[in-house]
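Enquirer: Protein chains in written order, with this note's numbering: chain A, 739 to 1000; chain B, 0 to 319.
Backbone N, C-alpha and C define an ideal beta-carbon position, used for all residues, glycine too.
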Amino acid sequence: MDIVVLVKQVPDTEALIQIAGDGVSIKTDNIKWVMNPYDEFAVEEALQIRDANEGTVTILTMGTDKAVETIRTALAMGADQGVLINDPAAEGSDGLAVAKILAAALKDIPYDLIIAGQRGVDDDGYQVGAAVAEYMGIPQASLVIKEEISDGKIKCDCSIEGGTVVTEAPLPVLFTTQRGLNEPRYASLPGIMKAKKKPLDQKTLADIGIDPSTVGLANRKVKIKALNPPPERKAVKMIEGETPEELAAALIKVLHEEAKVV
Amino acid sequence: MAQGVLVITEQRDNAFRKVSYEAVSEGRRVADELGTDVTAVVLGSGIEGIAGELGKYGADKVLVADDGILSDYTTDAYTNVLAEVIKSREPKVVFLGASVQGKDLAPRLAARLDTGMAMDCVVVKAEDGGVVVTRPMFGGKVLADIELEGDPQIVAVRPNVMSITENAKDGSIEKIDVQAGEVKTTVLETKIEAGDKIELTEADIIVSGGRGTEGKFEVIEELAGLLNAAVGASRTVVDEGWRSHGDQVGQTGKIVSPNLYIACGISGAIQHIAGMSTSKFIVAINKDADAPIFSKADFGIAADLFEVVPAMVQEVKKIQ
Ligand SMILES: Cc1cc2nc3c(=O)[nH]c(=O)nc-3n(C[C@H](O)[C@H](O)[C@H](O)COP(=O)(O)OP(=O)(O)OC[C@H]3O[C@@H](n4cnc5c(N)ncnc54)[C@H](O)[C@@H]3O)c2cc1C
Ligand SMILES: Nc1ncnc2c1ncn2[C@@H]1O[C@H](COP(=O)(O)O)[C@@H](O)[C@H]1O
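(1) Kindly say whether A/Lys932, judged by its beta-carbon, lies nearer than 9 Å to any beta-carbon of chain B.
(2) Starting from the C-beta of B/Ser276, find all residues in its chain whose C-beta is less than 7 Å away, skip the five residues before and the five after it, and write them out in chain order.
(3) Got a sec, what are the start and stop residues for the alpha helix (DSSP H) A/Pro749 sits in?
(4) With distances taken Cα to Cα, identify the nearest neighbour of A/Lys935 among A/Asn774, A/Ile769 and A/Ala814.
(5) Hey, could you find the ends of the beta strand (DSSP E) B/Arg134 is sitting in?
(6) Considering only heavy atoms of ligand 1, list every residue whose Cβ is less than 5 Å from one of them, following chain order.
(7) Please classify A/Gly794: does DSSP put it in a helix, a strand, or coil?
(8) Report the residues of the stretch 908 to 931 of chain A with a CB closer than 7 Å to any CB of chain B, ordered along the chain.
(9) In angstroms, rounded to a whole number, what distance separates the CA positions of B/Ile219 and A/Lys765?
(10) Use the C-beta contact count for A/Pro848: other C-beta atoms within 10 angstroms, 16 or more gives buried, fewer gives exposed.
(11) Can you tell me which residues form a DSSP beta bridge with A/Gln819?
(12) Identify which residue in A/Asn791, A/Thr796 and A/Leu822 has its Cα closest to the Cα of A/Val806.
(13) Which residue or residues does DSSP assign as beta-bridge partners of B/Arg11?
(14) Using a C-beta to C-beta distance shorter than 7 Å, which residues of chain A count as neighbours of B/Met161?
(15) Among A/Val859, A/Leu785, A/Val836 and A/Gly793, whose alpha-carbon lies nearest the alpha-carbon of B/Ile269?
(16) Could you tell me which chain B residues have their CB closer than 8 Å to the CB of A/Arg971, listed as they occur along the chain?
(17) Is the beta carbon of B/Glu222 within less than 8 Å of some heavy atom of ligand 2?
(18) If contacts are defined as beta-carbon pairs under 8 Å, then B/Leu104 and B/Thr78 qualify, I think. What distance do you get, rounded to the angstrom?
(19) Quick one: give me the first and last residue of the beta strand (DSSP E) that B/Ala302 is part of.
(20) Does any residue of chain B bring its CB to less than 9 Å from the CB of A/Ala873?
(21) Within 9 Å (strictly less), CB to CB, does A/Met800 reach chain B?
(22) Hey, is A/Val743 close to ligand 3, as in C-beta under 8 Å from one of its heavy atoms?
(23) A/Lys961 touches chain B at which residues, Cβ-Cβ below 9 Å?
(24) Against A/Asp861, what residues of chain B qualify as contacts under a CB-to-CB distance less than 7 Å, listed in chain order?
(25) Check the Cβ-Cβ distances between A/Gly890 and every residue of chain B, and say whether any is below 9 Å.
(26) I need the boundaries of the alpha helix (DSSP H) containing B/Thr235, first residue and last residue.
(27) So, under 8 Å CB-CB, B/Ala249 and B/Gly274 are touching, yes? Tell me the CB distance rounded to an integer number of Å.
(28) With 9 Å as the threshold, decide whether the Cβ of A/Pro967 is near any Cβ in chain B.
(29) Below 7 Å on C-beta distance, what does A/Ile797 contact in chain B?
(30) If we ignore side chains and look at the alpha-carbon of each, how far apart do B/Ala50 and B/Val41 end up?
(31) On the DSSP bridge list, what partners appear for A/Ile741?
(32) Kindly confirm or deny that the stretch 864 to 874 of chain A and the stretch 891 to 902 of chain A touch, where touching means at least three C-beta pairs closer than 8 Å.
(33) Strictly below 7 Å CB to CB, what residues from chain A border B/Asp287?
(34) By Cβ distance, which residues of its chain are closer than 7 Å to A/Ala842, with the 5 residues on each side in sequence left out?
(35) Residues of the stretch 839 to 852 of chain A in Cβ contact with chain B at a cutoff of 9 Å, in chain order, please.
(36) Counting only Cβ-Cβ distances shorter than 8 Å, please list the residues of the stretch 761 to 778 of chain A near chain B, keeping chain order.
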C-alpha cells in the first residue's frame, strides 16, 4: 500500500494574525509555522495503514524552504520520504493552482491512496483535496472519521450533519480527514534522528512539467482584494446580581427583551 | 456570455436543508441587483414533489434531476450532472450551501470547470455583473474580500448566516436529463443520530459546555431542551470523552453561527473562538471573572455554572 499524504505548513493556531501593509496579506515575521492540524491526522492514519499493510508513506508538500521543517516532522513521526515542490514562481498560488502542482508531482509518485486535510487552517480554503482528486480522476471521501481497506477497496465513515455516511470505493482514492479519525503521535527522539537521513526530494515547477505562467500570485482565480479585521463586538455587558436567581433573571430578561433571542 | 444565478440545493429524505433556503434567498437578492434570473437545481430520487417549494424563496425556475442514481449523494454523480447543467446553462454565479455536502461538491466542481470558488462566504455583493464575496480566514481572525475569476463564480454560503426571505416567483419546474456517468463510490449506509437532535451548524441557539461542566451535562441539556437548542462542547470535553466528536465547536470541530451561543465553563481559547465568533449573540458563564471568553462575549455572568444554569432553566420556564 503506497500512500501519499498532502501536507501543508500553516501558522500555529495560537499565532497572532496581523494584516500586512499591502492590505491583502498577513505579516509573517513573527509567526511560528507548524503542520496543519488536519494533516497531522492524515499522517497518523497513513502510518497506521502502512504498518498494517506494508508499503510506503510519502509526504508531498508545495512550499518554500521553511516547509522542510514540517516535512521533517512528518518523517520523524514515521513517514518514509518527502517531496517538496519549491519554486518561487509557485508562491501565492491559490487552491486550484496548488492542486494542479501537486497533481503534476503525483505523476512521478506511485500511490494507492492519497490523504489530505479537510482544510488548511490558514486560508480555510477547503479546495486542494477535492481538486487533486479531480485532476487525478479518482474518487474522494470527505471528513473521514474511520476507514477500512480490504480487497482493493476502501470503506470510509464520513461525518455528515447529525450522523455518518459509510461509502465504499475502489482504490486509488483520496480522502480528507476529520477530528475523531485518530490521535496523532508525537515525533520521538529516535524518530527525529532517523528523519534526518530519510530522503527529501526538492523539485521545481520545471521538474514536474508545470508552466510557471499558469500558477502563482498573478494567476489566482481567487483574488484577495482586501483583508480586514473582523468587526469588534461591543464591550461585554456583565450581568450584576447578588444570587444565582437574580443573575439568571437579569440575563434571561436582556436576552428576551433586548436581544430578542429567547 | 455567462449570466444568471444558479442555486444548487440540497435535500435529505425529501426535505430541503435549511441552508438551501438561505442560498436561494441570497441568490434571489443578488440576482435582483444584477437584474437577472434565479434557477434552482434539485437532485435526488422522487423529489419532484418538493421542487415547487423553491419558488417561494425566489426561484424563477427549478431544474429537477430525478433519478435513482441520485438518491444518495455521491461526488461523482452529482459533479457529473451539475457540471453538465452549468456548461449548458452558463450561469454567472453559482450558489450552494457550505454544508458537508457543499464542502465535498463545490471544490470538485470548481476544479472540473476550472473556475474560482469561495467557501463559507458570509457576505455577497453584486458588482460588475458578478459578485464579490467576504469570507473568514485564519479561523475568523481576518475577513477577506474576494474576487472570483472564471465562469461561473462558485459561492458556498456559510450555513445560518444568510437570511431566509420569502419572495414568491414562478418556480416553474423543468425536468432535466440525468447523465450520471461513471460512479465509483457506493453509499453503503447512512446513520443519523437520534431524530430530535438539532444539528449544531443549523441551530438557532447553542448551549455549549467546557471543562467547567466536569462532564455533568444534565443542566446544559435541560436548558438546551427548553430553548430548542443544540448542545456543543469544547475540545477538552471531547478529549475527556464526556461528549462525542460531533459536538465539538472550534478550529478542529464545527464552525457555528447561531443567533445565540451560550458558553458555560469554557475559558475561551483561540481555537474555540475560531468556531463560534460569528455567532450573533454570545453569552459567557464562567466563575473566573478574568476568563478570556468574556472579551468575546456580549453578555457575561461571572459565577458558578452549576448555580446559574439551573436558575436560568427556571427563568426560561417563566417566559415560555
Ligand atoms: C491545534 C489545536 C486545535 C484546537 N482545536 C480546538 C477546538 O476545535 N475547539 C476547542 O474548544 N478547543 C480546541 N483546542 C483546545 C483549546 O486550546 C483549549 O485547550 C480548549 O478549548 C479548552 O477547553 P475549555 O475551555 O473547556 O477548558 P479550560 O481551558 O480548562 O477552561 C475551563 C473553564 O471553566 C471555568 N470553570 C470551571 N468550573 C466552573 C464552574 N463550576 N462554573 C463556571 N465556570 C467554571 C474555568 O474558570 C475555566 O475558564 C485546540 C488546540 C490546539 C492546539
Ligand atoms: N501547499 C500544499 N502542499 C501540500 N498539500 C497541501 C497544500 N495546500 C493544501 N494542501 C492539502 O490540502 C488540504 C486542504 O487545504 P486547503 O484547500 O488549502 O484548505 C490540506 O489539509 C493539505 O492536505
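Expert: Reading it off the structure:
(1) no
(2) Gly139 and Lys295
(3) No alpha helix (DSSP H) contains A/Pro749, which is instead part of the beta strand (DSSP E) from Gln747 to Pro749.
(4) A/Ala814
(5) Gly129 to Met136
(6) A/Thr751, A/Pro775, B/Gly209, B/Arg210, B/Gly211, B/Ser233, B/Arg234, B/Thr235, B/Gly249, B/Gln250, B/Thr251, B/Gly252, B/Gly264, B/Ile265, B/Ser266, B/Ala268, B/Gln270, B/His271, B/Asn285, B/Lys286, B/Asp287, B/Ala290, B/Asp303 and B/Leu304
(7) Per the sequence shown, residue 794 of chain A should be read as Thr rather than Gly. Note: A/Thr794 maps to strand in three-state DSSP.
(8) Pro908, Arg917 and Gly918
(9) 40 Å
(10) exposed
(11) A/Thr796
(12) A/Leu822
(13) B/Ala14
(14) None at all; the shortest Cβ gap to chain A is about 17 Å.
(15) A/Val859
(16) Ile281, Lys295, Ala296 and Asp297
(17) Checking the sequence, you will find Leu at residue 222 of chain B rather than Glu. Not so, every heavy atom of ligand 2 lies at least 8 Å from the Cβ.
(18) 7 Å
(19) From DSSP, B/Ala302 is part of no beta strand (DSSP E); its letter is neither H nor E.
(20) Residue identity differs from the one stated: residue 873 of chain A is Tyr in this sequence, not Ala. Yes, contact with chain B.
(21) no
(22) With respect to ligand 3, the structure shown offers nothing to examine, as its ligands consist of ligand 1 and ligand 2.
(23) Gly115, Ile145, Glu146, Leu147 and Glu148
(24) Met136
(25) no
(26) Arg234 to Asp238
(27) Checking the displayed sequence, the identity of residue 249 of chain B turns out to be Gly instead of Ala. Indeed they touch by this definition, with Cβ atoms about 4 Å apart.
(28) yes
(29) Per Cβ cutoff of 7 Å: no residues; A/Ile797 is ~20 Å from chain B at best.
(30) 7 Å
(31) A/Val795 and A/Leu851
(32) no
(33) Here the premise fails: no neighbours, minimum Cβ distance about 13 Å.
(34) Ile946, Gly947 and Ile948
(35) none
(36) Ile764, Pro775 and Tyr776
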